[in-house]
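Numbering (the UniProt record's numbering), first residue to last: 5 to 410.
Structure, as structure tokens:
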Amino acid sequence: LNHEVVIIGGGSAGIATASSMLKRRPLLDFAIVEPSEDHYYQPGWTMVGGGVFEAAVTRRPTASVMPKQAHWIRQAAASFQPESSQVTLVDGSTVTYKILIVAPGIRLAWERIEGIEETLGRNGVTSNYRFDLAPYTWELVRGLKSGRAIFSQPPMPIKCAGAPQKAMYLSCDAWLDRGVLNDIDVEFRNAGGVLFGVKEYVPALMEYVEKYGIDLKLNQTLIAVDGPDRKATFKTEAGEETVEFDMLHAVPPQVAPQFVADSPLANPESGFVDIDKFTLQHVRYPNVFGVGDAGSTPNAKTAAAVRKQAPIVAVNALAALDGGQPGADYDGYGSCPLTVERGKIVLAEFGYDGKLLPTFPEWMIDGTRPRKLSWLLKSEALPWIYWNGMLKGREWLVKPRVRAAA
Ligand code: FAD
């Protein structure tokens with residue numbers, strides 16, 4: 005098989021980039037390598053775990069989001085041979101390309117928490133990081149009347165770094181509403197040393213930590229879970245600590261997909277696709293680009309970042325296809341709508357080096373404060389923008405600025 009452009013992964017980044025390229029060049033010959041029959045809107049899983057969305061609204065058939073012009077290769081990529089512009093698929097067949105775009109997402113490394121896989125979805129152990137488990141989060145929240153609820157956060161990088169605490173705030177809000185919060189000990193055990201990585205958002209979040217009476221424990225990494233006995237073990241600065249729980253919302257450590265980490269495309273340290281943080285072009289292979297969670301760029305790994313990256317990659321990859329240089333730069337934008345209560349959100353939007361990059365003027369939405377309008381954005385507008393804008397290559401508000409040719 006041979007195609008002008010080959011995209012690995014038909015998730016948020018793969019489909020958005022394909023559509024963005026097609027808007028610019030409708031007759032492009034390209035293939036998308038994607039094994040899954042289902043496409044997920046993962047940002048909706050926080051809302052499923054909070055009892056706001058039904059899980060079904062976050063899933064659509066991959067066939068329905070695939071651009072009509074795409075050749076869909078329904079299997080997984082297994083390895084890369086960038087010296088000969090070739091990808092090998094799991095069945096051993098090969099695909100060659102002029103341009104390769106790598107977008108297989110990030111891998112959930114559940115195996116790094118001993119004993120958790122056997123008990124996920126049972127014994128009070130849940131995670132909004134999986135489509136099938138997010139409804140169980142809400143089931144547990146509704147059922148809990150007293151005891152200890154632990155919410156864990158692994159070391160960075162993870163996709164949507166705010167999601168572990170979003171699950172906690174929405175749970176606390178539901179318990180407060182039912183009048184049982186006083187009888188539940190809520191703990192946030194975070195492997196990191198701060199509540200949130202961009203300091204401007206921390207004061208608003210701390211107000212909620214205090215309001216809900218959350219016990220905030222930093223520098224603690226979940227390493228083992230005993231489901232039947234309902235015990236979780238954390239690595240702490242002092243050694244190890246085992247605690248009992250009635251509910252555990254766990255977030256897995258996250259790593260580069262193995263076939264990327266094992267390939268010549270990998271960044272030697274992180275294993276993610278080794279790309280320039282502005283142009284998103286591979287640092288060693290100019291006909292290769294990376295986009296989305298699989299990239300080595302130090303932005304917040306979010307669908308919001310993908311919304312800005314996809315047109316940048318589209319512009320730069322088409323320039324490379326034509327024998328030119330990349331002309332568009334990504335500013336590191338990512339966004340994390342922190343659901344601090346049902347009906348209000350602290351809308352974190354920031355780029356490289358923690359620079360605040362608000363989409364809206366401050367009088368409309370002050371992102372550092374809880375706002376009702378931000379909640380409407382997350383619950384009503386963003387899902388619609390995702391399915392009908394981003395995945396279709398309609399780029400309202402995100403037109404990439406192209407540098408003038410030198
Ligand atoms: P994905 O969308 O995960 O897609 C990767 C695709 O690659 C998948 O379809 C997969 O099947 C495919 N693939 C994997 N391996 C291979 C292979 N070997 N060969 C071919 N294809 C392969 N983002 C926000 O902007 N806002 C939020 O509020 C938000 N909340 C979140 C809450 C949760 C609980 C979670 C889990 C995520 C959240 N995100 C949020 C993050 C967002 O979902 C991701 O950043 C986004 O989906 C990244 O897109 P991607 O295409 O890189 O990866």
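Note that the Cβ used here is the ideal one computed from N, Cα and C, for glycine as well.
In terms of CA proximity to residue 283, 405 leads the group 139, 57, 405. Around the beta-carbon of residue 376, fewer than 16 other beta-carbon atoms lie within 10 Å, marking it exposed.
Here the stretch 99-110 makes contact with the stretch 12-20; the two share three or more CB pairs at distances below 8 Å. Distance from the C-beta of residue 396 to the nearest heavy atom of the ligand FAD is not below 7 Å. Counting along the chain, the unbroken beta strand (DSSP E) around residue 83 starts and ends at 81-85. In the three-state DSSP reduction, residue 113 falls in the coil class, being neither helix nor strand. With distances taken between CA atoms, residue 288 lies nearest to 89 out of 316, 89, 204.
Taking a cut-off of 8 Å on C-beta distances, the stretch 201-208 does not touch the stretch 220-229, as fewer than three cross pairs fall below it.
With contacts defined as CB atoms closer than 8 Å, residue 407 and residue 328 fail to qualify as a contacting pair. The secondary-structure analysis by DSSP pairs residue 251 across a beta bridge with 153. Taking C-alpha positions only, residue 153 is separated from residue 229 by approximately 14 Å.
If only complete runs of 3 or more residues are kept, the stretch 208-268 shows the beta strand (DSSP E) at 219-222, 225-230, 235-240, 243-248, 251-253, in order along the chain. By the C-beta density criterion, residue 234 is buried, having at least 16 other C-beta atoms within 10 angstroms.
In this structure, the C-beta of residue 92 stays at least 7 Å away from each heavy atom of the ligand FAD. Shortest Cα-Cα distance from residue 116 to any of 110, 158, 127 involves 158. Around the beta-carbon of residue 193, 16 or more other beta-carbon atoms lie within 10 Å, marking it buried.
Every alpha helix (DSSP H) of 4 residues or more that sits fully in the stretch 344-400 is shown, in chain order, as 376-380, 386-392. Distances between the C-beta of residue 95 and the heavy atoms of the ligand FAD are all 7 Å or more. Ranked by Cα distance from residue 122, the options 390, 232, 326 are led by 232. About 6 Å separates the beta carbon of residue 305 from that of residue 110, a gap short enough to meet the 8 Å contact definition. Contact annotation: the stretch 91-101 does not touch the stretch 133-151, with fewer than three C-beta pairs closer than 8 Å.
Here residue 189 carries a strand assignment [DSSP, helix/strand/coil]. Relative to the non-hydrogen atoms of the ligand FAD, the Cβ of residue 301 never comes closer than 7 Å to any of them.
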